[in-house]
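Participant:
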Amino acid sequence: MPEIRRCLLQCRQPCSRTTLNAGQATGCDIFGELTRGASFANVGLTEGALMNTSKRLSTIILLLVGTCIGVAPVSGQDRDEHRRPGPCFERSGDRLCYGTKHSTALRFAFDGQYVLVPSTERIDDISRGLTLEAWVKSAADLPGGYRSIVSKQMNGTGYMLATNDFVHFKAEVAGEQATSAAEPGREGWQHIAAVWDGQLKLYVNGQLDGVLPTSHPIPNSFPLYIGSSPFGADTTWRGVIDEVRLWAVARTQEQIQSTMNRYLCGDERGLRAYWSFDEGQGSQLMDTIGHSDGVVVGPEWVDGVDLPRSGDCRHDSHR
Numbered sequence: 000m001p002e003i004r005r006c007l008l009q010c011r012q013p014c015s016r017t018t019l020n021a022g023q024a025t026g027c028d029i030f031g032e033l034t035r036g037a038s039f040a041n042v043g044l045t046e047g048a049l050m051n052t053s054k055r056l057s058t059i060i061l062l063l064v065g066t067c068i069g070v071a072p073v074s075g076q077d078r079d080e081h082r083r084p085g086p087c088f089e090r091s092g093d094r095l096c097y098g099t100k101h102s103t104a105l106r107f108a109f110d111g112q113y114v115l116v117p118s119t120e121r122i123d124d125i126s127r128g129l130t131l132e133a134w135v136k137s138a139a140d141l142p143g144g145y146r147s148i149v150s151k152q153m154n155g156t157g158y159m160l161a162t163n164d165f166v167h168f169k170a171e172v173a174g175e176q177a178t179s180a181a182e183p184g185r186e187g188w189q190h191i192a193a194v195w196d197g198q199l200k201l202y203v204n205g206q207l208d209g210v211l212p213t214s215h216p217i218p219n220s221f222p223l224y225i226g227s228s229p230f231g232a233d234t235t236w237r238g239v240i241d242e243v244r245l246w247a248v249a250r251t252q253e254q255i256q257s258t259m260n261r262y263l264c265g266d267e268r269g270l271r272a273y274w275s276f277d278e279g280q281g282s283q284l285m286d287t288i289g290h291s292d293g294v295v296v297g298p299e300w301v302d303g304v305d306l307p308r309s310g311d312c313r314h315d316s317h318r
């Protein structure tokens with residue numbers, strides 16, 4: 000069976016020599032948390048979710064939401080090693096997880112559909128810079144006007160990643176816009192990234208495609224919308240959105256290109272929120288870092304972008 004690279008089990012310290020033993024997961028789509036002092040748990044987690052425990056755990060059967068998988072033996076980190084929070088399980092043998100994984104996303108088909116993420120300190124404080132990324136697939140009948148992919152703005156303050164009158168992607172900061180030469184594709188997926196660090200840069204599929212000097216500050220405490228904006232139902236995106244990432248740093252073109260085609264580990268430096276869209280059902284969009292979950296209002300779950308499943312989250316180069 001193919002390896003699932005993003006089967007990343009995380010916990011906040013202490014891990015206390017936790018072990019993950021071989022077993023076959025059953026009962027998909029079960030959500031749960033480990034209780035204090037538990038020694039065994041059937042746990043339904045979104046990939047990369049945090050498990051909180053202060054006691055030893057002897058056996059865990061891990062369920063990925065929507066997918067049943069097998070689990071190979073894994074060693075835990077001892078609490079006395081005083082490692083900072085992050086991955087506390089290491090590979091033991093050739094593979095950690097095996098099975099199949101079905102990537103999902105959200106399709107926005109009608110005005111008034113959106114995902115609403117309440118304001119949190121982690122996504123509000125971007126005074127040192129901002130990088131906003133998303134994978135999108137435009138509908139063949141994408142309407143004109145502003146169609147928002149991600150928006151966190153109000154009254155001319157904040158930022159938006161959107162399409163502009165059919166043919167261009169745009170990033171907007173405090174009313175000033177950087178516009179791409181590239182058109183929203185009608186045939187497949189495109190990766191869009193907006194970077195702000197005193198000037199606004201727009202990348203399409205990893206290539207710089209629009210620049211605008213601006214000195215406007217953009218940190219704010221407004222809610223974040225995915226697939227729409229607070230400016231009306233007619234700003235709803237038409238198409239599919241997946242893999243939305245918000246960073247509190249201005250990433251370089253090389254950094255964007257290095258991670259745009261793979262899943263994230265969740266503890267990359269500067270990453271403040273990561274919505275992988277892999278729930279596949281329900282009315283909640285989970286932030287895999289665990290701080291900024293969203294409420295899904297209207298869009299339907301569909302197939303997501305198929306990113307490579309290679310890589311290893313154990314190394315420290317991404318921190």
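No gaps in the numbering here: position 109 of the sequence shown is 108 in numbering that gives the first Met the number 0, and each next residue is one more.
C-beta: ideal position from N, C-alpha, C; glycine also.
Model, not experiment: these values are computed from the prediction.
1) For Leu115, which residues in the same chain have their Cβ closer than 7 angstroms to its Cβ, ignoring the five residues on either side in sequence?
2) Which same chain residues, not among the five before or five after Asp286, have their C-beta less than 7 angstroms away from its C-beta?
3) Is Asp302 helix, strand or coil when you go by DSSP?
4) The alpha helix (DSSP H) with Arg121 in it runs from where to where?
5) Applying the 10 Å Cβ sphere with the 16-neighbour rule, what's the burial state of Asp241?
6) Give the single residue among Ala249, Gly289, Glu253 and Ser118 whose Cα lies nearest to the Cα of Ser126.
7) Is Ala247 helix, strand or coil when you go by DSSP?
8) Glu132 and Ala192: beta carbons closer than 9 angstroms?
9) Taking buried to mean at least 16 other C-beta atoms within 10 Å of its own C-beta, is Gly231 buried or exposed?
10) Beta-carbon within less than 8 angstroms of Ser282's beta-carbon, same chain only, minus the 5 sequence neighbours each way: which residues are those?
11) Are Trp134 and Gly303 closer than 9 angstroms when you measure CB to CB?
12) From Asn260, Glu278, His290 and Gly279, pick the residue whose C-alpha is nearest to that of Leu270; which is it?
13) If you reduce the DSSP assignment to three classes, tell me which class Gln254 lands in.
14) I'd like the span of the beta strand (DSSP E) that includes Pro117, first residue to last.
15) Taking DSSP's pairing of strands, which residues face Ile225 in a bridge?
16) With H, G and I counted as helix, E and B as strand and the rest as coil, what does DSSP make of Asp233?
17) Using a threshold of 9 angstroms, state whether the C-beta atoms of Phe107 and Val239 are closer than that.
18) Shortest alpha-carbon distance to Thr213 belongs to which of Tyr158, Asp233 and Ser228?
19) In the structure shown, what three-state DSSP assignment does Phe109 receive?
20) Is Cys286 helix, strand or coil when you go by DSSP?
21) Between Lys136, Thr103 and Gln280, which lies nearest to Asn204 when the distance is taken from Cα to Cα?
22) Contact check, Leu263 vs Ile122 under 8 angstroms by CB: the rounded distance?
23) Just the C-alpha distance for Gly128 and Gln256, rounded to the nearest angstrom, thanks.
24) Mark Asn154 as exposed unless 16 or more other C-beta atoms lie within 10 angstroms of its C-beta, in which case mark it buried.
25) From the DSSP output, which residues share a beta bridge with Gln206?
26) CB Gln298 to CB Gln112, shorter than 9 angstroms?
27) Per the DSSP calculation, Ser137 is bridged to which residue(s)?
28) Could you check the C-alpha separation between Asp196 and Asp124 for me, to the nearest Å?
29) With a 10 Å radius around its C-beta and 16 neighbouring C-beta atoms as the bar for buried, classify Gly75 as buried or exposed.
30) Along the chain, where does the beta strand (DSSP E) containing Leu270 start, and where does it finish?
31) Tell whether a beta-carbon distance below 9 angstroms holds between Asp277 and Gly144.
32) Please work out which residues of its chain come closer than 7 angstroms, Cβ to Cβ, to Leu207, disregarding the five sequence neighbours upstream and downstream, and give them in chain order.
33) Give the secondary structure of Pro330 by DSSP, where H, G and I count as helix, E and B as strand, and everything else as coil.
Facilitator: From the atom records:
1) Excluding sequence positions up to five before and after Leu115, its CB lies within less than 7 angstroms of the CB of Pro222, Tyr224, Gly293, Val294 and Val296, all in the same chain and listed in chain order.
2) Exclusion of the five residues before and after Asp286 leaves Ala272, Tyr273, Trp274 and Asp292 as the residues of its chain whose Cβ lies within less than 7 angstroms of its Cβ.
3) Asp302: strand per DSSP, three-state reduction.
4) For Arg121, the uninterrupted alpha helix (DSSP H) segment begins and ends at Glu120 to Asp123.
5) Asp241 comes out buried.
6) Per the Cα distances, Ala249.
7) DSSP, read as helix, strand or coil, puts Ala247 in coil.
8) Yes, they are a contact pair.
9) Exposed, because fewer than 16 other Cβ atoms sit within 10 Å of the Cβ of Gly231.
10) Residues of the same chain with a CB within less than 8 angstroms of the CB of Ser282, apart from the 5 flanking positions on each side, are Val294, Val295 and Val296 in chain order.
11) The answer is yes: Cβ separation under 9 angstroms.
12) Of all alpha-carbon atoms in Asn260, Glu278, His290 and Gly279, the one lying nearest the alpha-carbon of Leu270 is that of His290.
13) Here Gln254 sits in helix by DSSP.
14) Careful: Pro117 lies outside any beta strand (DSSP E) and carries neither H nor E.
15) BP columns for Ile225 point to Val114 and Val149.
16) The answer is helix: DSSP assigns Asp233 an H, G or I state.
17) Taking 9 angstroms as the cut-off, the beta carbon of Phe107 is found closer than this to the beta carbon of Val239.
18) When each option's Cα is compared against that of Thr213, the closest is Tyr158.
19) Three-state result, Phe109: coil.
20) Per the sequence presented here, residue 286 reads as Asp, with Cys not at that position. In this structure, Asp286 counts as strand in the three-state DSSP scheme.
21) Among Lys136, Thr103 and Gln280, the Cα nearest to that of Asn204 is on Lys136.
22) Wrong, their Cβ atoms sit about 16 angstroms apart, outside the cutoff.
23) Taking the Cα positions, Gly128 is about 18 angstroms away from Gln256.
24) Counting C-beta atoms within 10 angstroms of its own C-beta, Asn154 has fewer than 16 neighbours from the protein chains shown and is therefore classed as exposed.
25) Gln206 pairs with Val203.
26) Correcting the residue type first, residue 298 is Pro in the shown sequence and not Gln. Cβ atoms of Pro298 and Gln112: closer than 9 angstroms.
27) As DSSP reads the structure, Ser137 sits in a beta bridge with Gly238.
28) Straight across, the Cα-Cα distance linking Asp196 with Asp124 is about 14 angstroms.
29) Residue placement at Gly75 is poorly supported in this model, since its pLDDT is 36, which falls under 50; the coordinates still yield a value, given next. When all chains shown are included, Gly75 counts as buried.
30) Leu270 to Trp274 is the extent of the beta strand (DSSP E) around Leu270.
31) Going by C-beta atoms, Asp277 is not nearer than 9 angstroms to Gly144.
32) Sequence-distant Cβ neighbours of Leu207 in its own chain, meaning closer than 7 angstroms and more than five residues away, are Lys200 and Gln252.
33) Nothing about residue 330 can be read from this structure; the chain reaches only from 0 to 318.
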